[in-house]
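Beneath this line is the structure, given in structure tokens, with notes to follow.
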Amino acid sequence: MRVIAGSAGGVPLHTPRTDLRPTMDRVKAAIFSSLGEKIIGARVLDLFAGSGSLGIEALSRGAESADFVESSARAAESIQRNLEKTQLAGANARIHAADVFSFLDRLPTSLARQQVFNIVFADPPYAKQPGERDFAPELLHSRALQNALASDGVFVLEKMPGAQMPKADEWEILRAKTYGATEVVFLRLKMRGENDENSAAG
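The sequence shown: position 171 = 1547 (the working numbering), numbered continuously.
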């Protein structure tokens, strides 16, 4: 696994020895190809960050800042190691060793404009067996996540292919594509008027 493009392009990344599933280079390349120039100057939030691959790729390609949220101490150490290897460590790269939902709930409900994130990545563990925790609906229904995303921001969610997307009236799917064992869904928040129209129609 490596940084694909930008200032740190070609630098190999360390992957922690955990049960975390890193985003493959092919999938990462497709994600950033779809985002295009939206990444330049963006404030990025990388949830379930793992090795930090997505946030680091964003910084390499010109993102203004990246916040990495990862509950595994071993993975958080890998993020720091990778930031140093890519020479992207600094005040614009912040690691939060915390549970994703606890982190989101600690964010203020009305963020200052400069604190809102333009792009949010989430690559949570997949629910493979009945009864296993499914993070996708929790993320989509998280009011804290919605408050943390800019009105014109993009939420990039990785999920198991074929798993039904939970109904969430607050979101609009911009694009969804499967790459092997991963489906990538790009979403944006609906405008308030759109939600009101949908509620009235229902």
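Beta carbons: idealized from backbone N, C-alpha and C, even for Gly.
Taking the Cα positions, ASN1458 is about 21 Å away from ILE1495. Straight through space, the alpha carbons of THR1391 and PHE1479 are spaced by roughly 23 Å. Assignment of alpha helix (DSSP H) within the region 1388-1426, counting only whole runs of 4 or more residues, yields 1401-1411 in chain order. Bridge partners of ASP1443 according to DSSP: LEU1421, ARG1470. Using a Cβ distance threshold of 7 Å, ASP1499 and GLU1460 do not count as a contacting pair.
With contacts defined as CB atoms closer than 7 Å, PHE1511 and LEU1563 fail to qualify as a contacting pair.
Going by C-alpha positions, LYS1543 is about 15 Å away from ALA1552. Taking one beta carbon from each stretch, the region 1437-1446 and the region 1509-1523 have fewer than 3 pairs nearer than 8 Å; the two do not touch.
In the DSSP assignment, SER1436 falls within the alpha helix (DSSP H) that extends over 1429-1436. Minimum Cα-Cα distance from ARG1402 among the listed residues LEU1565, LYS1566, THR1558, GLY1466 corresponds to THR1558.
Shown here for GLY1466: not one same chain residue has a beta carbon closer than 6 Å to its own, the five before and five after excluded. Judged by their CB atoms, LEU1430 and LEU1464 are not nearer to each other than the 7 Å cut-off.
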